[in-house]
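Engineer: Residue numbers (this note's numbering): 55 to 394.
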Amino acid sequence: MIKYQEILEGKLFMERRVTILGAGAWGTAIANHLSQNNVETMLWCFEAEVAQEIEIQKTNNRYLPDIKLQHNVKATTDLSAALSFSEFIVEAIPVKHLRNVLTMTKQHIKHEHRWIMTSKGIESDTFMLPSEILRDVLGYQPNVSALSGPNFAKELIQKNVTAAVIASKDDELAKQVSSIFGNDHFKTYISDDLIGVQAGGALKNVYALTLGILRGLEYSENTVAFVFTKSLEEMTQTCAQIGGRKETMYGLAGLGDLFLTGNCALSKNFKCGKLLGQGINLGDISKKYYMLPEGFSTLKSLMTFSKQFGISLPICQATHDFIFEGKSIKNLLYKLLEQK
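1. Taking DSSP as the reference, what is the three-state secondary structure of residue 199?
2. Looking only at C-alpha atoms, which of 368, 375, 376, 187 sits nearest to residue 391?
3. Counting C-beta neighbours from all protein chains within 10 Å, is the total for residue 171 16 or more, i.e. buried, or is it exposed?
4. Secondary structure at residue 189, three-state DSSP: helix, strand or coil?
5. Is it the case that the Cβ atoms of residue 144 and residue 72 are separated by a distance below 8 Å?
6. In this structure, how does DSSP classify residue 170 when only helix, strand and coil are distinguished?
7. Measure from the alpha carbon of residue 380 to the alpha carbon of each residue in 363, 133, 129, 333, then state which is nearest.
8. Since residue 145 is in the beta strand (DSSP E), which residue starts that stretch and which ends it?
9. In angstroms, rounded to a whole number, what distance separates the CA positions of residue 125 and residue 318?
10. Flag this pair as yes or no: are the beta carbons of residue 267 and residue 376 separated by less than 8 Å?
11. As an exercise, report each continuous alpha helix (DSSP H) stretch of at least 4 residues that is fully enclosed by the region 242–301, in chain order.
12. For residue 289, is the classification buried or exposed, using 16 other Cβ atoms within 10 angstroms of its Cβ as the cut-off for buried?
13. Could you spell out the range, first to last residue, of the beta strand (DSSP E) harbouring residue 32?
14. Spell out the partners DSSP gives residue 328 in its beta bridges.
15. With distances taken between CB atoms, is the gap from residue 97 to residue 83 smaller than 8 Å?
16. By how many angstroms is the C-alpha of residue 224 removed from the C-alpha of residue 359?
17. By how many angstroms is the C-alpha of residue 287 removed from the C-alpha of residue 262?
18. Taking only the alpha-carbon atoms, compute the straight-line gap between residue 206 and residue 364 and give it to the nearest angstrom.
19. Taking the alpha carbon of residue 253 as the point to measure from, which residue in 149, 119, 129 has its own alpha carbon closest?
20. According to DSSP, is residue 67 helix, strand or coil?
21. What does DSSP give as the partner residue(s) for residue 228 in the beta ladder?
22. Which one or two residues does DSSP pair with residue 75 in a beta bridge?
23. Can you check DSSP and say which residues form a bridge with residue 118?
24. Could you check what DSSP says for residue 206 in three-state terms: helix, strand or coil?
25. Within the 8 Å Cβ cut-off, does residue 218 reach chain D?
26. Contact between the region 294–313 and the region 239–249: three or more CB pairs below 8 Å?
27. When the distance is taken between beta carbons, is residue 135 closer than 8 Å to residue 99?
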């Protein structure tokens, strides 16, 4: 790892420990990746059986089946121990559970803790992004960054060439996070658009559902490309409305993530959308997955946001109406064709 570390303020940055909150597929993949960088990692697990399996067998078959983890990946259900392990905390919790978990951590958090938010979603009741939920729970502005981009957990573990954006208002923090994550197959880019980078990661999940639905309905490549392009426009519009920069949506955190999540069978949002397009009902899909992907809850959040602020989001609306009201997706195509 030494050759990838940054020299900050005249001295080599030598943080060797990181805590990861959340032992799902992404949290586990991050722990494994950082362990490959010779960083000591501690995974906090909600389920005791997951922590035990990681500790003893170095596997996590509930969330990452058929993957052997690095020998130095540690796991615990003890929140206090996990948070005292390191000043760096990677958050990898589904957004619908994030507030509850952060509330549990509050008594153990110090102002010195530095946060790396990796969840991709929007809280349904408040329309807050992960870094905003963190600030709201703690009651002060913490040292916070966000990591997002076109990244599948399994491919990160397989050491496929991968890139992501690290966003923070604190340039030094962003560089520190970059030095922890970067290596010869993981490229990081630094941004100060904390809102935009998180927005891209959350919004693309909704449009991945849409694109999956179109694939399930066997629409042509021309049609899918048309809706893909208009989806990016809608993402850009929404990003600007919530305080992010439009140009962020044309980079890895927006376009890159939309391309990956909206076109690949490894994407849970895309797969769920495709199943819906093929006529499988949502109840049966829910039984298939341990937890529905973030796109469904983010879609409901966007509908509330659209009505509250009078913003037209025709693709989101059509996707919502198809999934929850059984309406035809053809209405979306008619609306898009009528747009100037």
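Beta carbons: idealized from backbone N, C-alpha and C, even for Gly.
Structural biologist: On the basis of the data shown:
1. strand
2. The candidate whose alpha carbon is nearest that of residue 391 is 368.
3. buried
4. Note: residue 189 maps to helix in three-state DSSP.
5. yes
6. strand
7. 333
8. 142–145
9. 31 Å
10. One thing to note: residue 267 has its Cβ within 8 Å of the Cβ of residue 376.
11. For the region 242–301, whole alpha helix (DSSP H) runs of length 4 or above, ordered along the chain, are 248–270, 275–295.
12. buried
13. Lying outside 55 to 394, the shown extent of the chain, residue 32 is not represented and no answer is given.
14. Bridge partners of residue 328: none, in fact.
15. no
16. 29 Å
17. 14 Å
18. The straight-line gap from Cα to Cα measures roughly 34 Å.
19. 149
20. Note that residue 67 has pLDDT 48, beneath the 50 cutoff, so the model's placement of it is unreliable and the number below is only indicative. Coil, per DSSP.
21. For residue 228, which the question treats as bridged, DSSP gives no partner whatsoever.
22. According to DSSP, which records beta bridges pairwise, residue 75 is partnered with 98, 145.
23. Beta-bridge pairing links residue 118 to 114.
24. DSSP places residue 206 in coil when its eight states are reduced to three.
25. Note that chain D does not occur in the displayed structure, where there is just one protein chain.
26. yes
27. no
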